[in-house]
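Each number in the numbering used here comes from the position in the sequence shown (counting from 1) with 409 added on. Glycine included, each C-beta is placed from N, C-alpha and C at the ideal position. Everything numeric in this text was worked out from a predicted model, so none of it was measured. Step one of this worksheet: look at the structure below.
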Amino acid sequence: MKNISYLVCVFLLIFGMEVRAEEPDYLELSWKEVARKMPDEWYGSVDAAKVAENVILYQKDVGGWPKNLAMHQALSRRAKSLIKASAKDYGATIDNEATTLEMRFLARVYALQGGEELRRSFIKGLDYLLEAQYDNGGWPQFYPVRNQKHYSVHITYNDNAMVNVMNLLKDVYEGKEFAALQLPSNYMEQARASFDKGVEAILATQIVVNGEPTVWCAQHHRETMLPLQARAYELPSFSGSESAGITLLLMDIDKPSDKVIAAVEAAVSWFETNKIEGFRVDWFMDENGEMDRKLVADPDSGPLWARFYDLDNGKPFFCDRDGVKKWSMEEISQERRGGYAWYTEQGAKVLKRYPKWKKTL
Numbered sequence: 410m411k412n413i414s415y416l417v418c419v420f421l422l423i424f425g426m427e428v429r430a431e432e433p434d435y436l437e438l439s440w441k442e443v444a445r446k447m448p449d450e451w452y453g454s455v456d457a458a459k460v461a462e463n464v465i466l467y468q469k470d471v472g473g474w475p476k477n478l479a480m481h482q483a484l485s486r487r488a489k490s491l492i493k494a495s496a497k498d499y500g501a502t503i504d505n506e507a508t509t510l511e512m513r514f515l516a517r518v519y520a521l522q523g524g525e526e527l528r529r530s531f532i533k534g535l536d537y538l539l540e541a542q543y544d545n546g547g548w549p550q551f552y553p554v555r556n557q558k559h560y561s562v563h564i565t566y567n568d569n570a571m572v573n574v575m576n577l578l579k580d581v582y583e584g585k586e587f588a589a590l591q592l593p594s595n596y597m598e599q600a601r602a603s604f605d606k607g608v609e610a611i612l613a614t615q616i617v618v619n620g621e622p623t624v625w626c627a628q629h630h631r632e633t634m635l636p637l638q639a640r641a642y643e644l645p646s647f648s649g650s651e652s653a654g655i656t657l658l659l660m661d662i663d664k665p666s667d668k669v670i671a672a673v674e675a676a677v678s679w680f681e682t683n684k685i686e687g688f689r690v691d692w693f694m695d696e697n698g699e700m701d702r703k704l705v706a707d708p709d710s711g712p713l714w715a716r717f718y719d720l721d722n723g724k725p726f727f728c729d730r731d732g733v734k735k736w737s738m739e740e741i742s743q744e745r746r747g748g749y750a751w752y753t754e755q756g757a758k759v760l761k762r763y764p765k766w767k768k769t770l
């Protein structure tokens, strides 16, 4: 009996060591998954508190956060020193969900654990978003501006950058999502005013063709409000991707003005007119072992929209890094076909939401 007990103890000891040696599940996920998709109770855990410390450390002195960093991964003392030393550097942005993602994460942890440092960091981020907004209501991709000649200085809808900011501001002034933070009332008022200015920018940048409003480009000039090029393969266009997020944002406005209603109606009409039916996008491995994409006929597939539509003829177009327009995805290089999202299904959300939205008017 003693031998059996001894063996059980040894087994449990070894097994326990193996379990402890394994990395927690959250370390195997992306930062976006950790920030948004962990079980609710996890945000009240010791692990979440440790991640929150990292997030606060990564925050720039100006109040925003850099992008594309795995903020949930453990940091060495040297890494922490380097991050602290870079706090005054450029790099704060709203691109790729940066800043809004970190703020929402901190709010979730604070709601379960408290901690004045988390609250201060959130408010510092909110101050950053309010300060970064242009007088015309738009937001640049990076703030402070790094290079006056770079496209990031202009109004950025790309990858839902401005929409993410406005959705957060809406949650702030509505008071429910961030209730635990007990933000001062002046922040509610500022968030509402900032959101309303953002709506003005959206209405001012909606592309008008022959007197008829349509949708938006992924970037618009910060002064003229006209469609603008970003990277070499991101030419001025009607955006089949970013325009969906903008339209859904407008649909979320309570008691919309006549101008907002007209903007939504025009955008929905554009999405209906420009949907691509009977095709899907498939991944495949080419003869060189590289992942590639192609458009495949499929009568059962849901609608698609191209990422870019030509401003003159309204046709979908595609580009390599040389910036030369091509009229099919097959005409560009494998590197760009496999490395960029040329088609989107986001417009389907707009068309699905539209009848319900219409009934609320």
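Check your understanding: Any idea if A750 is buried or exposed, counting beta-carbon neighbours within 10 angstroms, 16 or more meaning buried?
Key -> exposed
Exercise for review: Less than 8 Å between the CB atoms is what I'm expecting for Y772 and G472, so what's the real figure, rounded?
Suggested key: With the chain running from 410 to 770 in the structure shown, residue 772 is simply not present.
Review point. So, helix, strand or coil for T656, using DSSP?
Key: helix
Check your understanding: alpha helix (DSSP H) containing L612: first to last residue?
Key -> 594-614
**Study point:** Between the CA atoms of D667 and V464 - distance to the nearest angstrom
**Key:** Near 41 Å, if we compare the C-alpha coordinates of D667 and V464.
**Study point:** C-beta atoms of K579 and F604 nearer than 7 Å
**Key:** yes
Review point. Are the beta-carbon atoms belonging to I532 and G547 less than 7 Å from one another?
Key: no
Review point. Closest by CA to D691, which one among N683, D701, I685?
Key: D701
**Study point:** Paired residues, beta bridge with F693 - DSSP
**Key:** D701
Point to revise | CA-to-CA distance, P764 to N505, given in whole angstroms | key: 30 Å
**Study point:** Runs of alpha helix (DSSP H) wholly within the stretch 463-525 (minimum 4 residues, chain order)
**Key:** Within the stretch 463-525, the runs of alpha helix (DSSP H) that reach at least 4 residues and sit entirely inside it are, in chain order, 486-494, 509-522.
Review point. What number of angstroms, rounded off, separates the C-alpha of D470 from the C-alpha of L637?
Key: 30 Å
Practice item. Using 10 angstroms around the beta-carbon of M575, count the other beta-carbons present and answer buried if the total reaches 16, otherwise exposed. Key: buried
Point to revise | Presumed contact (8 Å Cβ cut-off) between Y560 and A639, rounded CB distance | key: 4 Å
Exercise for review: Over the uninterrupted alpha helix (DSSP H) stretch that includes E583, give me the two end residues.
Suggested key: Under the DSSP assignment, E583 falls in the alpha helix (DSSP H) whose first and last residues are 570-583.
Exercise for review: Put L527 into one of helix, strand or coil per three-state DSSP.
Suggested key: helix
Check your understanding: E681: which of G756, V705, P708 sits nearest, CA to CA?
Key -> G756
Point to revise | Local Cβ density within 10 Å of S742, reported as buried at 16 or more and exposed below that | key: exposed
Check your understanding: Exposed or buried, what is K445 when buried is set at 16 or more other beta-carbons lying within 10 Å of its beta-carbon?
Key -> Note that residue 445 corresponds to Arg in the displayed sequence, not to Lys. An exposed status is given to R445, since fewer than 16 other beta-carbon atoms sit within 10 Å of its beta-carbon.
Check your understanding: Can you tell which of W625, E526, W440 has the C-alpha that lies nearest to the C-alpha of E511?
Key -> W440
Review point. Once you ignore the five residues that flank V669 on each side, which residues in its own chain have a CB closer than 8 Å to its CB?
Key: Once the five neighbours on either side are set aside, the close Cβ partners of V669 are V608, L612, L659, I662.
Practice item. Go ahead and label W474 buried or exposed: buried means 16 or more other beta carbons lie within 10 angstroms of its beta carbon, across all protein chains shown. Key: Counting Cβ neighbours within 10 Å, W474 comes out buried, since at least 16 surround it.
Check your understanding: Touching or not, the stretch 710-729 and the stretch 644-658, by the rule of three or more beta carbon pairs under 8 Å?
Key -> Judged by Cβ distances under 8 Å, the stretch 710-729 makes contact with the stretch 644-658, as three or more pairs qualify.
Check your understanding: In three-state terms, what does DSSP make of E432?
Key -> The predicted model places E432 with a pLDDT of 43, which falls under 50 and marks its position as unreliable; any figure quoted below should be read in that light. It is coil, neither helix nor strand.
Check your understanding: From which residue to which residue does the alpha helix (DSSP H) around F587 run?
Key -> Unbroken run through F587: none, as it is neither H nor E.
Point to revise | Span separating the alpha-carbon of D721 from that of L466 | key: 47 Å
Exercise for review: Determine the DSSP secondary structure at K734, reduced to helix, strand or coil.
Suggested key: Taken through DSSP and simplified to helix, strand or coil, K734 comes out as strand.
Exercise for review: With DSSP collapsed to three states, give me the class of T753.
Suggested key: Here T753 sits in strand by DSSP.
Point to revise | Close Cβ partners of I655 (< 7 Å) along its chain, the five nearest in sequence each way excluded | key: Y566, V572, I611, W625
Review point. Does the separation of the CB atoms of G687 and P712 fall below 7 Å?
Key: no
**Study point:** Extent of the continuous alpha helix (DSSP H) to which I670 belongs
**Key:** 667-682
Review point. Between the Cα of N569 and the Cα atoms of Q550, K493, N556, A600, which residue gives the shortest distance?
Key: Q550
Exercise for review: Would you decide whether F693 is buried or exposed? Buried here means 16 or more other CB atoms lie within 10 Å of its CB.
Suggested key: Residue burial is scored here from C-beta neighbours: F693 has fewer than 16 other C-beta atoms within 10 angstroms and is therefore classed as exposed.
Review point. Do the CB positions of R746 and D729 come within less than 7 Å of each other?
Key: no
**Study point:** Secondary structure of W714, DSSP reduced to three states
**Key:** strand
Check your understanding: Quick one: what does DSSP say P764 is sitting in, helix, strand or coil?
Key -> helix
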